[in-house]
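One structure below.
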Amino acid sequence: MHFCNGTVPIWALGRFGSPINLPEICVDVFLVVVLFEAAFRMSFFGDVQAQRDMEQMQAVRDQADWLLTNIIPQHAIDSLKLSTRYSENHALTAVLFATITNWNEMYEETFEGGREFLRVLNEIIGDFDELLDRPDFSQVEKIKTIGPTYMAASGLNPDKRRSALHPYEHLYQVSDFTKVLLNFQQF
């Protein structure tokens, strides 16, 4: 729209002397509002998605920590967090190997693909792990399991050894743990 001979009133001229187009201003304001709303929604969605990702990442981190503490003793993990290497010599330690006798002869893959035997083995090892949670076996630590063989050790954690009432307490505990395993009748 072009006006000739100055027929546009002075109040209708914009800052630079061009006429103000009211419908265009309304469309511009509407577009700015729509863009602002879209940006706000995207920002909100990004925050919600980031929160979900953080919660999922924390759950994965907790699971990894649980698996790591199931494999490596806690004092070794604490040392590994401070440096990339961990090696320590220990005096007066005890190592225990407990094997479920005749397990390999009893194990059959033909019965439910061996899953039932593995489930039973997992329950037995879980029961052994629960025994280690008792306070009277606090200085005995599970090292690993290989098939039906359970490996544990005592005297590896220097903090627990220092806080013990007797310098050979960890040896007494592994001996008592062995007696409990020998008398274990839950399977």
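Numbering-wise, the sequence shown is residues 1 to 187 according to UniProt numbering. Ideal Cβ positions, reconstructed from N, Cα and C, are used throughout, including at glycine.
Inset, instruction - Could you name the residues of the same chain whose beta carbon sits closer than 6 Å to that of Ile100, not counting the 5 residues immediately before and after it, in chain order? - result: Counting from 1 along the sequence shown, the entry for residue 100 is found at position 100. Only Pro148 meet the Cβ criterion.
Legend entry - Under the three-state DSSP convention, the category Thr99 falls into: In the sequence shown, residue 99 corresponds to position 99, counting from 1. Looking at Thr99 - three-state DSSP - the assignment turns out to be strand.
Inset, instruction - Determine, using beta carbons only, whether Gly155 and Leu92 come nearer to each other than 7 Å. - result: Counting from 1 along the sequence shown, the entry for residue 155 is found at position 155. Counting from 1 along the sequence shown, the entry for residue 92 is found at position 92. Cβ distance < 7 Å, so Gly155 and Leu92 count as in contact.
Inset, instruction - State the DSSP-derived secondary structure class of Tyr172, mapped to helix, strand or coil. - result: Taking the first residue of the sequence shown as position 1, residue 172 is located at position 172. If DSSP states are grouped into helix, strand and coil, Tyr172 belongs with the helices.
Inset, instruction - Please name the residue, chosen from Val180, Val29, Ala76, that lies closest to Leu131 on a Cα-to-Cα basis. - result: To locate residue 131, count along the sequence shown from 1; it is residue 131. Ranking the options by Cα distance to Leu131, first place goes to Val180.
Legend entry - DSSP three-state assignment for Glu130, whether helix, strand or coil: Residue 130 sits at position 130 when you count from the first residue of the sequence shown. Correct three-state label for Glu130: helix.
Legend entry - Ser79 in three-state terms, based on DSSP: On the sequence shown, residue 79 is found 79 positions in, with the first residue counted as 1. Residue state, collapsed to three classes: helix.
Legend entry - Phe187 versus Glu116: straight-line alpha-carbon distance, rounded: Sequence index remark: in the sequence shown, residue 187 carries index 187 (1-based). Sequence index remark: in the sequence shown, residue 116 carries index 116 (1-based). Legend: pLDDT at Phe187 = 47, less than 50; position of this residue unreliable, value from coordinates given subsequently. So the two alpha carbons sit approximately 14 Å from each other.
Legend entry - Boundaries of the alpha helix (DSSP H) in which Ser154 is found, first to last residue: Indexing the sequence shown from 1 puts residue 154 at position 154. Note, Ser154: premise wrong, no alpha helix (DSSP H); beta strand (DSSP E) at 149–154.
Legend entry - Separation of Arg61 from Phe97, as counted between CA atoms: Start at 1 with the first residue of the sequence shown, and residue 97 comes out as number 97. Start at 1 with the first residue of the sequence shown, and residue 61 comes out as number 61. Taking the straight line from one Cα to the other gives about 31 Å.
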